Amino acid sequence: MMQRTLWIGLAIMAFLVPLGIVVPQVFGSGGAWGEWDAATLGQMLGFLPDGLRRYAGMWNAPFGDYDIVMVRSRPLSYLAAGVIGGAIVGAAVYILSKFLSKPVARPQEHE
Amino acid sequence: MHIPDGYLSPQTYIPMFAVTGAFWAGALRKLKTQLHAKQIPYLAMAAVFSFLIMMFNIPVPGGTTGHAVGAAIVALLLGPWTAVFAVSVVLIIQALVFGDGGITALGANCFNMAVIMPFVASWVFRLFRGQGGQRLSLAAFLSGYVGLLAAALATAVELGIQPIIAVSTDGRPLFAPYPLSVTVPAILIGHMFLLCIVEGMVTMLLLRYFYRHDPGMLKEAEAL
Numbered sequence: 238m239m240q241r242t243l244w245i246g247l248a249i250m251a252f253l254v255p256l257g258i259v260v261p262q263v264f265g266s267g268g269a270w271g272e273w274d275a276a277t278l279g280q281m282l283g284f285l286p287d288g289l290r291r292y293a294g295m296w297n298a299p300f301g302d303y304d305i306v307m308v309r310s311r312p313l314s315y316l317a318a319g320v321i322g323g324a325i326v327g328a329a330v331y332i333l334s335k336f337l338s339k340p341v342a343r344p345q346e347h348e
Numbered sequence: 027m028h029i030p031d032g033y034l035s036p037q038t039y040i041p042m043f044a045v046t047g048a049f050w051a052g053a054l055r056k057l058k059t060q061l062h063a064k065q066i067p068y069l070a071m072a073a074v075f076s077f078l079i080m081m082f083n084i085p086v087p088g089g090t091t092g093h094a095v096g097a098a099i100v101a102l103l104l105g106p107w108t109a110v111f112a113v114s115v116v117l118i119i120q121a122l123v124f125g126d127g128g129i130t131a132l133g134a135n136c137f138n139m140a141v142i143m144p145f146v147a148s149w150v151f152r153l154f155r156g157q158g159g160q161r162l163s164l165a166a167f168l169s170g171y172v173g174l175l176a177a178a179l180a181t182a183v184e185l186g187i188q189p190i191i192a193v194s195t196d197g198r199p200l201f202a203p204y205p206l207s208v209t210v211p212a213i214l215i216g217h218m219f220l221l222c223i224v225e226g227m228v229t230m231l232l233l234r235y236f237y238r239h240d241p242g243m244l245k246e247a248e249a250l
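Taken in order, these protein sequences are the chains called A and B.
Quick note on the working numbering: the first sequence kicks off at 238 and runs consecutively.
Quick note on the working numbering: the second sequence kicks off at 27 and runs consecutively.
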């Protein structure tokens with residue numbers, strides 16, 4: 238009963254995720270401080286630190302910036318990223334903790 | 027608070043992997059001996075919650091945004107070691123799938139949000155809840171507030187020491203360019219006056235909800 242309520246709460250939360258895009262837009266806010274991409278930081282400084290040049294872009298995330306490119310509207314693509322990401326995270330923790338929790342009755346190996 | 031690739035020098039990110047790795051090993055050992063099958067759905071929910079709450083970007087005066095992390099309430103309900111595990115999985119998936127936080131910075135990012143934060147949150151909660159727990163709401167609020175603030179401070183320090191330890195021969199910074207005198211206020215002020223309050227409120231409201239509906243859960247978490 239309690240668990241169902243909590244899952245419903247999380248589903249509601251997932252559908253509110255576009256607020257995380259829309260509200261900052263209303264206030265004209267950019268991204269988080271200290272998380273600029275290399276191009277932006279290069280512009281801010283007038284040069285690009287060597288280490289940044291070397292490491293930035295070393296990993297190409299499939300859905301960078303929580304953007305599912307197939308979905309045109311940014312708030313909706315963000316919502317899709319929330320739903321997909323939530324499902325991946327939930328499944329990953331569920332499966333990993335299944336392995337970690339004591340197996341109820343593993344059949345004993347006999348020699 | 028998710029440090030990208032290229033902001034931390036190897037002198038920073040490698041030791042951070044070592045420290046965080048020790049906590050990962052500790053969390054896995056702890057879960058292996060103590061995790062009950064009936065807790066598994068709660069672990070999954072905790073991770074989904076943390077993932078989702080981090081997507082609610084909140085505008086901070088000064089033109090940037092930030093977000094709550096959710097690690098404090100996870101630590102209070104399921105124990106700090108469980109929070110280490112659940113929030114680390116979230117941060118790893120955020121980095122790999124969504125490019126939020128760097129791969130090389132994963133040790134540091136997990137240390138800030140999945141190690142420092144849950145342990146500080148648990149400690150603050152114990153410190154303030156009082157005999158018999160009559161100050162639960164206050165303790166929960168402070169737990170979220172101070173937990174996130176500690177994570178923010180750790181992030182600011184990791185970024186701010188880069189121009190001290192990694193400079194090219196001509197004196198230019200090789201990685202994150204801003205000194206502590208810039209990173210600490212830039213990151214901490216928005217957290218102190220807004221984001222930590224949000225984290226504190228979320229922690230308090232959820233703790234009160236669970237206290238009303240499943241007080242046994244809090245008792246179990248205290249043992250962890």
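Positions of the beta carbon are idealized from the N, C-alpha and C atoms, including for glycine.
Small disclaimer: the values here were computed from a predicted structure and weren't measured.
Tell me the rounded alpha-carbon separation between residue i and residue j.
i        : j        : result
A:GLU348 : B:MET81  : Annotation note: pLDDT 47 at A:GLU348 (below 50); position unreliable, coordinate value reported separately. Distance between the alpha carbons of A:GLU348 and B:MET81: 53 Å.
B:THR46  : A:GLY271 : 21 Å
B:LEU221 : B:ILE84  : 8 Å
B:SER194 : A:ASP274 : 21 Å
A:ASP302 : B:PRO211 : 26 Å
B:LEU214 : B:ALA51  : 30 Å
A:VAL254 : A:PRO299 : 20 Å
B:GLY173 : B:PHE219 : 14 Å
B:ILE142 : B:ALA177 : 6 Å
A:MET239 : B:ARG238 : 11 Å
B:GLY242 : B:LEU162 : 15 Å
B:HIS28  : B:GLU225 : 17 Å
B:GLY170 : B:PRO67  : 23 Å
Start and end of the beta strand (DSSP E) containing residue i?
i       : result
B:ILE84 : 84-86
So which residues of chain B does residue i contact, with C-beta pairs closer than 8 Å?
i        : result
A:ARG291 : GLY32
A:MET250 : PHE75, LEU78, ILE79
In the DSSP assignment, find the alpha helix (DSSP H) that holds residue i and state where it starts and stops.
i        : result
B:GLY92  : Unbroken run through B:GLY92 is the beta strand (DSSP E), 90-92; no alpha helix (DSSP H).
A:TYR292 : 287-292
A:GLN240 : 239-253
A:SER182 : Only positions 238 to 348 of chain A appear in this structure, which leaves residue 182 of chain A out of reach.
B:TYR237 : 222-239
B:MET143 : 143-154
B:THR59  : 36-60
B:THR130 : Element bounds for B:THR130: n/a, residue is neither H nor E.
B:LEU103 : 97-104
Quick one, are the C-beta atoms of residue i and residue j less than 9 Å apart?
i        : j        : result
B:HIS93  : B:ILE79  : yes
A:LEU333 : B:VAL115 : yes
A:VAL263 : B:ALA73  : no
A:GLY279 : B:THR90  : no
B:ALA98  : B:ALA147 : yes
B:ILE223 : B:LEU206 : no
B:PHE137 : B:ALA180 : yes
B:GLN37  : B:PHE77  : no
B:GLY127 : B:PRO41  : no
Strictly below 7 Å CB to CB, what residues from chain A border residue i?
i        : result
B:ASN239 : Note that residue 239 of chain B is His in the sequence shown, not Asn. Here the neighbours are MET239.
For a contact meaning CB atoms closer than 7 Å, what does residue i contact in chain D?
i        : result
B:SER194 : Included in the structure are the protein chains A and B, with no chain D among them.
Which bits of chain B does residue i rub up against, with CB to CB less than 9 Å?
i        : result
A:MET295 : ASP31, GLY32, GLY128, ILE129, THR130
Report the neighbours of residue i on chain A: residues whose CB is nearer than 9 Å to its CB, in chain order.
i       : result
B:ASN83 : LEU256, GLY257, ILE258, VAL260, PRO261, SER266, GLY268, ALA269
### Query
Is it true that the region 320-330 of chain A meets the region 151-170 of chain B, where meeting means three or more beta-carbon pairs spaced less than 8 Å apart?
no
Checklist entry - Touch check for the region 57-66 of chain B and the region 139-153 of chain B: three-plus C-beta pairs under 8 Å? => result No contact exists between the region 57-66 of chain B and the region 139-153 of chain B.
(message) Quick check: the region 106-115 of chain B against the region 273-290 of chain A, are at least 3 beta-carbon pairs closer than 8 Å?
(response) Result no; under three Cβ-Cβ pairs closer than 8 Å.
Tell me whether the region 230-243 of chain B and the region 166-174 of chain B touch, counting them as touching only if at least three CB pairs, one residue from each stretch, are closer than 8 Å. yes
Count the CB pairs spanning the region 125-137 of chain B and the region 33-48 of chain B that are closer than 8 Å, and state whether there are at least three.
yes
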